[in-house]
Structure formats: structure tokens, C-alpha cells
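All letters in the sequence shown, in the order written, are residues 2 to 117 by this note's numbering.
Ideal placement from N, C-alpha and C gives every residue a C-beta, glycine not left out.
Being a predicted model, the structure only gives us computed values, none of them experimental.
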Amino acid sequence: CQDFVYINTRLYKPSPSVPGTISPILSVQKEKDSQQQNLTDLIKMIVLKGDCWHAQLGHLLGNPIEPPLLELNACDIACPKCTGEMKTYIMPVLRSGLSLFLADTFINHPSGDITP
Numbered sequence: 002c003q004d005f006v007y008i009n010t011r012l013y014k015p016s017p018s019v020p021g022t023i024s025p026i027l028s029v030q031k032e033k034d035s036q037q038q039n040l041t042d043l044i045k046m047i048v049l050k051g052d053c054w055h056a057q058l059g060h061l062l063g064n065p066i067e068p069p070l071l072e073l074n075a076c077d078i079a080c081p082k083c084t085g086e087m088k089t090y091i092m093p094v095l096r097s098g099l100s101l102f103l104a105d106t107f108i109n110h111p112s113g114d115i116t117p
């Protein structure tokens, strides 16, 4: 969780200026948006889908026309999902608890002045 917060926060820090001799393909904002989307997709894959990481990567990065290879369906011994490690560091999230947290954080304790 701390790594995700660190990487996500780092995306919004001021970027170093690009030398005039370099012409980037994407604007800084588009690059940050792309990195944010990639980070979100990674978190969705790891936490929300609940399948073997190797099978998910094979599906995500594999040829969409060909069916996935059977041996990529589950590793059984290598990823935290298959070894059961995920249960030790990812706790379940209840919708009601998340709703209460968000309401308490953003409604009951706003960080700035509220103007009508």
C-alpha cells in the first residue's frame, strides 16, 4: 500500500524541464495520465481480479486472437495469489466501511474552506 501511495504521489510532483533539443511524443500531462492508468490497471489486476498473477499477465499481454496457453492458467507455486501470501497483506474491504471512511474524510473533515 505504501508503495502504491508513493508511486501515485510521485506522479503529481513537478516534472523536470525538458531540454529544447528534445521533442517529447506525449505532453507531460498525457504521460502522467498514462502512468496513472497503468498503475490503476496494475492494482485492479493484483487486488480485484483474484486470479493467478501469471495467468492475468499472460491474458493482459498475450495475443488477443489466440487462446491463452493452458500452462499459463495458474502457476500454483510462484505468485502471492497461488501461494496464499496475499491473505496476509491484503485485507478485505467492505463497501459500507469504505463509504463511511470517504464520508468522514471528505464531508466531515474538509481540508479547505467550503463556499456555497
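Start and end residues, alpha helix (DSSP H) containing residue i
{"i": "Ala1", "result": "One cannot answer for residue 1 here, as it falls past the ends of the chain, which runs 2 to 117."}
{"i": "Val29", "result": "Val29 to Ile44"}
{"i": "Gly59", "result": "Trp54 to Leu62"}
Proximal residues to residue i (C-beta, below 6 Å), its chain only, five neighbours per side dropped
{"i": "Ser16", "result": "Val29"}
{"i": "Pro65", "result": "none"}
DSSP three-state assignment for residue i, whether helix, strand or coil
{"i": "Cys80", "result": "coil"}
{"i": "Tyr7", "result": "helix"}
{"i": "Val48", "result": "helix"}
{"i": "Ile108", "result": "helix"}
{"i": "Thr22", "result": "coil"}
Nearest to residue i (by Cα), restricted to the options the options
{"i": "Ala79", "options": "Leu62, Phe102 and Asp52", "result": "Asp52"}
{"i": "Ile8", "options": "Gln37, Ile26, Ser18 and Thr22", "result": "Gln37"}
{"i": "Thr41", "options": "Pro25, Gly98 and Thr10", "result": "Thr10"}
Same chain only: Cβ atoms within 7 Å of residue i, ignoring 5 sequence neighbours per side
{"i": "Tyr83", "result": "Before going further, note that residue 83 is Cys rather than Tyr in the sequence given. Around Cys83: Cys53, Ala75, Cys76 and Asp77."}
{"i": "Phe107", "result": "none"}
Check whether residue i and residue j have beta carbons under 8 Å apart
{"i": "Leu27", "j": "Ser18", "result": "no"}
{"i": "Ile44", "j": "Phe5", "result": "yes"}
{"i": "Leu12", "j": "Lys31", "result": "no"}
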